[in-house]
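Chemist: The structure's right below; bear with me while I get my questions together.
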Ligand SMILES: [Mn+2]
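Residue numbers (the working numbering): 19 to 311.
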């Protein structure tokens, strides 16, 4: 399969090279690096996640499965970014993800800045978004910009009812965002709440979501900066890697129709965060693979 919007990267995620046509899960790098307000460098993230993914075990102990034995996984490569044109770049992202969905496959998107989730989600018809993040990303505009990493979930809500957004691990927002979230009835669980009552929250989520399609958007800054220092806007007070792995094991049992892992900034990483990104993706894939044959 050839996509003119994509630059092929070989080998792909995990160090493997599997044909698109036969795959169930399709990796797509989106090295978007346009709207950062503090620490740029996202453009290097998909390459670093791929590199880490090829250097850790693909067997996931908690699930007792080798991810590549359970799932057919391909990697399309990276979206060709037009650095001066966010709209054009966004259209490419939406088009490619639409095609992946149309072909009955699960898109696994590696950011890039969080802004990409808006364009990815445009390709979905009917989905519940579970958003793991330190930040609520609900500003209507930020520094005069209506579409950027700080407004991405607000823009998603332009297309989706508020009860279809669930925020996990949040611990930072402006007063306006807090009021907006309160008034629109967005469900949210803070990092402290997640640490205190993970089982209760997971049970609630399962009740809310049931069998409906779920899109997971994982901003790596949902983790405490002690565990994931290489992000654009670190926010202390987050969950640990173990807590995130446990959470993903459970979320992976839902009807996941796509996911992204965003906000890795390799120039500010000591190498840890790219490995954390690869590991959490494997954990999620193991959960997905344990359901699908
Ligand atoms: Mn964030």
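All C-beta atoms in this analysis are idealised placements derived from N, C-alpha and C, irrespective of residue type, glycine included.
Remember, it's a predicted structure, so these values are computed and weren't measured experimentally.
What do you get for residue 193, buried or exposed, if any count of 16 or more other CB atoms within 10 angstroms of its CB means buried?
Modeler: Here residue 193 refers to the residue found at position 175 of the chain shown. Residue 193 should be labelled exposed.
Chemist: For residue 149, verify whether its CB is less than 7 Å away from any heavy atom of ligand 1.
Modeler: Position 131 of the chain shown, counted from the start, is the residue given in the question as residue 149. No.
Chemist: Pick out whichever of 262, 234, 184 and 107 has its Cα sitting closest to the Cα of residue 246.
Modeler: One-based indexing of the chain shown puts residue 246 at position 228. Checking every option, the nearest Cα to that of residue 246 belongs to 262.
Chemist: With 16 as the cutoff for other CB atoms within 10 Å, does residue 120 come out buried or exposed?
Modeler: Working through the chain shown from its first residue, we reach residue 120 at position 102. When all chains shown are included, residue 120 counts as exposed.
Chemist: Is it the case that the CB of residue 291 approaches a heavy atom of ligand 1 more closely than 7 Å?
Modeler: The residue you call residue 291 lines up with position 273 of the chain shown. Result no, Cβ not under 7 Å from ligand 1.
Chemist: Just to confirm before moving on: does the CB-CB distance between residue 274 and residue 226 stay below 8 Å?
Modeler: Here residue 274 refers to the residue found at position 256 when the chain shown is read from its first residue. Here residue 226 refers to the residue found at position 208 when the chain shown is read from its first residue. Going by C-beta atoms, residue 274 is not nearer than 8 Å to residue 226.
Chemist: Under 7 Å: does the beta carbon of residue 237 sit that close to some heavy atom of ligand 1?
Modeler: In the chain shown, counting from the first residue as 1, residue 237 sits at position 219. Yes, since a heavy atom of ligand 1 falls inside the 7 Å radius drawn around the Cβ of residue 237.
Chemist: If we ignore side chains and look at the alpha-carbon of each, how far apart do residue 302 and residue 267 end up?
Modeler: Taking the chain shown and counting its residues from 1, the one referred to as residue 302 is at position 284. Taking the chain shown and counting its residues from 1, the one referred to as residue 267 is at position 249. Roughly 6 Å separates the two Cα atoms.
Chemist: Only counting the same chain, and skipping five residues up and downstream in sequence, which positions put a Cβ closer than 6 Å to that of residue 311?
Modeler: Here residue 311 is taken as the residue at index 293 of the chain shown, counted from 1. At residue 311, the pLDDT of 47 sits below 50, so the modelled position is not reliable and the matter cannot be decided from this model.
Chemist: What does the alpha-carbon distance come out to for the pair residue 147 and residue 29?
Modeler: The residue given as residue 147 occupies position 129 in the chain shown. The residue given as residue 29 occupies position 11 in the chain shown. Looking at the two C-alpha atoms, the distance is approximately 30 Å.
Chemist: I'd like to know whether the C-beta of residue 178 is nearer than 8 Å to at least one C-beta of chain D.
Modeler: Of the protein chains in this structure there is only one, and it is not chain D.
Chemist: Determine the extent of the alpha helix (DSSP H) in which residue 71 is found, giving its start and end residues.
Modeler: Counting from 1 along the chain shown, the entry for residue 71 is found at position 53. Element bounds for residue 71: 63 to 71.
Chemist: For residue 41 and residue 92, I'd like the C-alpha separation in whole angstroms.
Modeler: The sequence position of residue 41 within the chain shown is 23, counting from 1. The sequence position of residue 92 within the chain shown is 74, counting from 1. Roughly 6 Å between the two C-alpha positions.
Chemist: Can we count residue 153 as close to ligand 1, meaning its CB is less than 7 Å from some heavy atom?
Modeler: Here residue 153 is taken as the residue at index 135 of the chain shown, counted from 1. For ligand 1, at least one heavy atom lies less than 7 Å from the Cβ of residue 153.
Chemist: Roughly how many whole angstroms lie between the Cα atoms of residue 150 and residue 113?
Modeler: Within the chain shown, the letter at position 132 stands for residue 150. Within the chain shown, the letter at position 95 stands for residue 113. Straight-line Cα distance between these residues: approximately 25 Å.
Chemist: Take residue 50 as the anchor and find which of 71, 100 and 87 has the nearest alpha-carbon.
Modeler: By one-based count along the chain shown, residue 50 stands at place 32. Cα-wise, what sits closest to residue 50 is 100.
Chemist: Should the stretch 274 to 294 be regarded as contacting the stretch 50 to 63, the criterion being three or more beta carbon pairs within less than 8 Å?
Modeler: Yes, they touch.
Chemist: Mind pulling the alpha helix (DSSP H) runs of 4 or more residues that sit fully within the stretch 117 to 148?
Modeler: Listed in chain order, they are 134 to 139.
Chemist: Is residue 77 helix, strand or coil when you go by DSSP?
Modeler: For the purposes of this step, residue 77 is identified with residue 59 of the chain shown, where counting begins at 1. The answer is strand: DSSP assigns residue 77 an E or B state.
Chemist: Say whether the stretch 124 to 139 touches the stretch 164 to 171, bearing in mind that this needs 3 or more beta-carbon pairs closer than 8 Å, one atom from each stretch.
Modeler: Contact between the stretch 124 to 139 and the stretch 164 to 171 is present, because at least three Cβ pairs lie under 8 Å.
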